[in-house]
Each structure stands twice: as structure tokens, then as C-alpha cells.
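See below for the structure under consideration.
Number of protein chains: 2
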Amino acid sequence: MTKIDTKIFKTLSDPNRLRILKMLQSKSLCVCEITDVLKLAASTVSKHLSILREVGFIIEQKDGKWVNYMINPRPSDARISSVISTLDFWISDDQVILSDKQKVQKVDRSEVCSR
Amino acid sequence: MTKIDTKIFKTLSDPNRLRILKMLQSKSLCVCEITDVLKLAASTVSKHLSILREVGFIIEQKDGKWVNYMINPRPSDARISSVISTLDFWISDDQVILSDKQKVQKVDRSEVCSR
DNA sequence: TTTATATTTCGATAGATAACGAAATGAATT
DNA sequence: AATTCATTTCGTTATCTATCGAAATATAAA
Numbered sequence: 157m158t159k160i161d162t163k164i165f166k167t168l169s170d171p172n173r174l175r176i177l178k179m180l181q182s183k184s185l186c187v188c189e190i191t192d193v194l195k196l197a198a199s200t201v202s203k204h205l206s207i208l209r210e211v212g213f214i215i216e217q218k219d220g221k222w223v224n225y226m227i228n229p230r231p232s233d234a235r236i237s238s239v240i241s242t243l244d245f246w247i248s249d250d251q252v253i254l255s256d257k258q259k260v261q262k263v264d265r266s267e268v269c270s271r
Numbered sequence: 157m158t159k160i161d162t163k164i165f166k167t168l169s170d171p172n173r174l175r176i177l178k179m180l181q182s183k184s185l186c187v188c189e190i191t192d193v194l195k196l197a198a199s200t201v202s203k204h205l206s207i208l209r210e211v212g213f214i215i216e217q218k219d220g221k222w223v224n225y226m227i228n229p230r231p232s233d234a235r236i237s238s239v240i241s242t243l244d245f246w247i248s249d250d251q252v253i254l255s256d257k258q259k260v261q262k263v264d265r266s267e268v269c270s271r
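Residue numbers (our numbering), protein chains in the order written: chain A, 157 to 271; chain B, 157 to 271.
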């Protein structure tokens, strides 16, 4: 018997992962930038990113010390393409999301990382 | 600060709740009929149904001893309408789902309930 | 008004998940 | 080569969730 796959919904059922997806819609970001906005431990953010990546929502691009994460431009799963292109429908722009978006616009990697 | 609402995704991230939604797409069913197909305790099925109902995916209609559950024909949340009308897109008809569908067509309430 | 049946509620428990800090890894700079 | 910094991995812990069986509730039948 095959098992019903719920990993897309499970991935989307954590508020911090939804915040990350919305943030990455503005621009690609490294782990420490995301950590700065979410105010979570870097290890926690890294874990969220690995889940989003494994399921196919985002991709990573290494750049020296940094790992830049961005929305997957070509997901192989149509359901993931659909969610990504209709993110605003699924996640309303409430205060948290709006505030994240403002912070993302302002983040300066040289400020936030290394300090 | 408002909290990001993940209850739709959380509701959809349990395989047994997805099976119930798919079954109810074939026809409305009572708790014991669903219990018979899923092979779970009646209390567990009842709990899944209450979650699906509270979030808005299904409605209930009392009929004597029985409580019939069915897909909500007029959800107030557009996201729920969307999920319901595109269920086949989100949940592929794998063996479990197909087998459930066959069982649902055959279930006879007077057989399954009371025995 | 008992009895039977369908469902829900409750309490307990096992397993999953998110969070953290510490340690390990990898890459650039000194 | 040693150091620094970004990230990941690991081990632990607290919380959440799905499950069960037993008890409570509600309705119908005897």
C-alpha cells in the first residue's frame, strides 16, 4: 500500500517557514539575514531552510562563506509551483509579514552577519 | 502582533483527514462508515471530523442516531473553497485513495454500523 | 423505562516536531 | 597554518498531535 504524501502541507504548516517563503519572495537571503529577522537560533533557521529545500520550495546557491536561499524558479512538482505563484492567496499580508518585508528591504548583510 | 494562521495547512497535513475529504467527495458518510474504512477507533475519527468541521472543510447533518458528514458546499474562506474544488490536484489518486473509494461505494450502513 | 446503538468527550500515552546551544564543518582572511 | 565567520549537524528538551479505550451523551427501539 502506498502512503499518502502530506509533506507539502506539513512544510506549509509552520508559521516560520511561511514567513521565510514570503521573505524570499522579496529577495534571496542568507541564513544569518533570515535569522536576524525571525529572531530564532541559526540552527533552527537552517533546519527550516533544509526542509523547504528538500521539499522543493527553495534552492540554495553557495557564495563563499554564505549560502543564499531563493524561491525555486522551476519546481518539478506542479503543486509547489502553484503554491509559490499564489502565495499571497494562501498567506494574507498580516502585520508580521508586512513587518518582515520591511526588515528584509533594510537588512545589510555586512551589518547583520559577523557584526 | 497578529499570528500567522496555519490551521488550513495543519488540517491538510494528516493523511487520514485527506482520506476523509476524498471519501466525502464520493458521498456523505456517518462516523461509523468512515471508521470502518479507515480502521481507526471511532473516537479518533470523530476527532478528525471535528477538526475538519471547525476549520470549515465539512458540515454535519444530524439524522436520528447518526451524524452525516459532507463536504461544505459554501465555505466562507476562499482558500477552503479552492482546496475543495481542486482536491484531486493536491491529493493524487494513489492506491489507498482508490481502495477507499471502492469501499465507500460498497459500504452499507446497516451492515457496518451496529453489526 | 430499559436497552441498544452512534457519537463525543476525557484522560493517558507514544511519537512527531520545533526550539536551543554546543560541537563540527567549510570557506575566506590574516 | 591559524583564525574567523557562516552554516550545518547533533543531542536534548518542551510542546504538540494522533491514537486508544473508557466513560459520558444522545437518540431510537424494545
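Note that the Cβ used here is the ideal one computed from N, Cα and C, for glycine as well. All values derive from a computational prediction rather than experimental measurement.
- In the pairwise beta carbon analysis, the segment 167-186 of chain B is classified as touching the segment 196-207 of chain B: at least three pairs are separated by under 8 Å.
- Taking 9 Å as the threshold, the shortest C-beta distance from Leu205 (chain B) to chain A does not fall below it.
- Contacts with chain A at 9 Å (Cβ-Cβ) do not include Thr200 (chain B).
- At a Cβ-Cβ threshold of 9 Å, Phe213 (chain A) and Leu168 (chain B) do not count as neighbours.
- Nearest CB-CB separation between Thr191 (chain A) and chain B: not below the 9 Å threshold.
- When the beta-carbon positions are compared, Val187 (chain A) and Val239 (chain A) stay at least 9 Å from each other.
- A residue is called buried once 16 or more other Cβ atoms fall within 10 Å of its Cβ, and Asp256 (chain B) is buried on that count.
- Among the bridge pairs identified by DSSP, Ile227 (chain A) is matched with A:Ile214.
- Relative to Ser241 (chain B), the option among B:Ile190, B:Val263, B:Asn228 whose CA is nearest is B:Asn228.
- By the Cβ-count criterion, Glu189 (chain A) is buried, with 16 or more other Cβ atoms from all chains shown falling within 10 Å of its own Cβ.
- The three-state secondary structure of Cys269 (chain A), taken from DSSP, is coil.
- Bridge partners of Cys186 (chain B) according to DSSP: B:Asn224.
- Within the DSSP secondary-structure output, Asp244 (chain A) pairs in no beta bridge.
- A direct Cα-to-Cα measurement between Gln217 (chain B) and Leu196 (chain A) gives close to 45 Å.
- For the segment 247-267 of chain A, the set of positions with a beta-carbon nearer than 9 Å to some beta-carbon of chain B reads Ile247, Ser248, Asp250, Gln251, Val252, Ile253, Ser255 in chain order.
- Against chain B, the CB of Ala234 (chain A) has a partner CB under 9 Å away; the residue lies at that interface.
- Rounded to whole angstroms, the separation of the alpha carbons of Ser270 (chain A) and Asp250 (chain B) is 49 Å.
- By the CB criterion at 9 Å, Ile253 (chain A) and Ile253 (chain B) fall outside the cutoff.
- Pairing Lys259 (chain B) with Glu267 (chain B), the inter-Cα distance amounts to about 13 Å.
- Residue contact check for Asp170 (chain A) against chain B: a CB pair falls below 9 Å.
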